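Residue numbers are given in this note's numbering: position 97 of the sequence shown equals residue 269, and the series is strictly consecutive. To keep things clear, I will list the structure first and then write my remarks on it.
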Amino acid sequence: MELNKNLSKVKPSGIRKLFDLAQNRKDIISFGIGEPDFITPDHVREAAKQAIDDGYTRYTPNAGFRDLREALAQKLREENNIPVKAEEVIVTAGGTQALFSAFYALLNPGEEIIVPDPGFLVYGSQILLAGGNPVFLPLREENDFQIDIDELKRLITPKTKAILINSPSNPTGMLIKEEVLREIANIALENNLMVISDELYEDILFDGRKHISIASFPDMKEKTISIFGFSKSYAMTGWRLAYFALPENLISEMIKIQQNTAVCPNSVTQRAALYGLLHKEETKLVIEDMRRAYQKRRDILVKGLNEIEGIRCLAPEGAFYAFPNITAIGKSSEELSMHLLDQCGVVTVPGTAFGEYGEGYLRFSFATSAELIEKGVAKIKEGLAKL
């Protein structure tokens, strides 16, 4: 039986491949999957338990509970400066579902979306599954992994439908500068393109930096699909909850997709997230504690990596990833990642898991304890000395 041909275009996850290899080994130190090592805040977990007792165990409206959408719209207006109404917010079963819904809504067969490279590995595969073509925009270390506006302009064709941006970035940990965001907005408006803005890491910023949403710029609300979530900010990866801020003309179409895929987001998760939003002072204290811990860990990791011969590492500005350059070691990203696993018991992710321009880099997640980071760096230093 012949299956959907788009499936053959999608490669297995390079991240999962390494974890499968590491699964049966003991004493592994993992800098692998990007997932907070914190548990969901106490008051949010208690709200979930209460929601179960209160009988929130049935289907919800396709777009999510109305009171949650109202609270999210208020958050977007106050914190992101995006002038949205509750009707323009749709709650989804996680950020990955939100991304796929955006691609599926926008793309006709053969149309293109410009995607950062290196970038989150599902971007390209989801575009292919939706029948489109990803067009990869190189992000270069010498440019602090910023989007090169001239290169972006050269990639636009009559088939281009949208530009995808991710700030802070997975895997580079860098933020898109405000002036670059404004130029991207101008390009989108001049060329009648949509922007898909992945802002899942908006609350994890370092050294006093502030998050900027491109949809807050003049005329950009109606040209931007903004994606936010609870997985990283609230340490709720397993709860599967995210949300869109959408242009008015896309709302009914996105609800159609939701009706025919997830049906609705998880009922209990929605009530728990709403409680966190309504008790925002308590929630913000927990988020800030996590952010401080990530910044401390970042400092330990970056300092340790930069002390290893053959490795250089920019300090990430947000998220919980470092993306060190390993070209001076003389091995490919995949070769070195396998060496570190085999010889040092340390899991990293080869940069090529995030695209062609990730060659020469490894991704380290510092969503693990400071003690394990120090131990892992020491193992890497010892293992590389034997190469």
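By construction, the Cβ of each residue, glycine as well, lies at the ideal position given by its N, Cα and C atoms. As the structure is a prediction and not an experimental result, all values here were calculated from the model.
Through-space distance from residue j to residue i, alpha-carbon basis
i: A357; j: I386; result: 7 Å
i: P288; j: G227; result: 43 Å
i: D391; j: Q442; result: 30 Å
i: E489; j: L175; result: 43 Å
i: F400; j: D375; result: 10 Å
i: V182; j: S297; result: 5 Å
i: P496; j: G532; result: 8 Å
i: G345; j: P208; result: 15 Å
i: L446; j: L240; result: 5 Å
i: E460; j: M408; result: 15 Å
i: K382; j: E351; result: 14 Å
i: Q431; j: P233; result: 9 Å
i: K198; j: G380; result: 39 Å
i: N280; j: G523; result: 30 Å
i: I319; j: R312; result: 8 Å
i: K456; j: L559; result: 46 Å
i: S180; j: G482; result: 37 Å
i: I321; j: E355; result: 7 Å
Residue j beta carbon less than 8 Å from that of residue i
i: E140; j: G304; result: A query on residue 140 cannot be resolved here, the shown segment of the chain reaching from 173 to 559 and no further.
i: K435; j: Y295; result: For clarity, residue 435 is Val in the given sequence; the question names Lys instead. In this structure, Y295 does not lie closer than 8 Å to V435 by Cβ.
i: L365; j: N178; result: no
i: A334; j: I429; result: no
i: I286; j: L309; result: yes
i: S563; j: T499; result: With the chain covering only 173 through 559, there is no way to say anything about residue 563.
i: G204; j: L190; result: yes
i: V256; j: Y415; result: no
i: I211; j: K547; result: no
i: A265; j: R412; result: yes
i: P437; j: G236; result: yes
i: R470; j: F526; result: no
i: A274; j: I368; result: yes
i: E260; j: E425; result: no
For residue i, the three-state DSSP class (helix, strand or coil)
i: L279; result: coil
i: K333; result: strand
i: I427; result: helix
i: T524; result: helix
i: F378; result: coil
i: L534; result: strand
i: F210; result: coil
i: E479; result: coil
i: F237; result: coil
i: N358; result: helix
i: A434; result: coil
i: V294; result: helix
i: D461; result: helix
i: N315; result: helix
i: M173; result: coil
i: F389; result: coil
i: K183; result: coil
i: I224; result: helix
i: V256; result: coil
i: Q467; result: helix
i: G146; result: Since the first residue shown for the chain is 173 and the last is 559, residue 146 is missing from the structure and cannot be characterised.
i: A302; result: coil
i: I472; result: helix
i: H511; result: helix
i: I384; result: coil
i: T344; result: coil
Residues bridged to residue i (per DSSP)
i: V549; result: In DSSP, V549 forms no bridge with anything.
i: S202; result: V519
i: S398; result: S369, A417
i: V263; result: Y415
i: I328; result: None, per the DSSP bridge assignment.
i: R484; result: N497
i: V307; result: I286
i: N338; result: D370
i: G490; result: L377
Neighbourhood of residue i by C-beta distance below 7 Å, restricted to the same chain and skipping five residues each side
i: G206; result: N342, F492, Y493, S537, A539
i: H451; result: H215
i: N252; result: S385, S388
i: K551; result: I201, C516, G517, V518
i: T329; result: E284
i: I480; result: I552, K553, L556
Residues near residue i by beta carbon distance below 6 Å, same chain, minus five either side
i: E242; result: A258
i: D370; result: N338, I399
i: A223; result: V440, R443
i: V307; result: E284, I286, L327
i: A220; result: V440, A444
i: L372; result: G267, G401, K404
Own chain residues within Cβ distance below 8 Å of residue i, not counting five before or after
i: L353; result: I337, S339, I384, I386, F389
i: A238; result: The sequence as given places Arg at residue 238; Ala does not occur at that position. So the list reads A258, once near-sequence residues are dropped.
i: D316; result: M346, L486
Near the ligand MG: residue i beta-carbon under 7 Å from a heavy atom
i: G523; result: Inclusion of the ligand MG in the displayed structure is not the case, the ligand content being empty and no account of it being possible.
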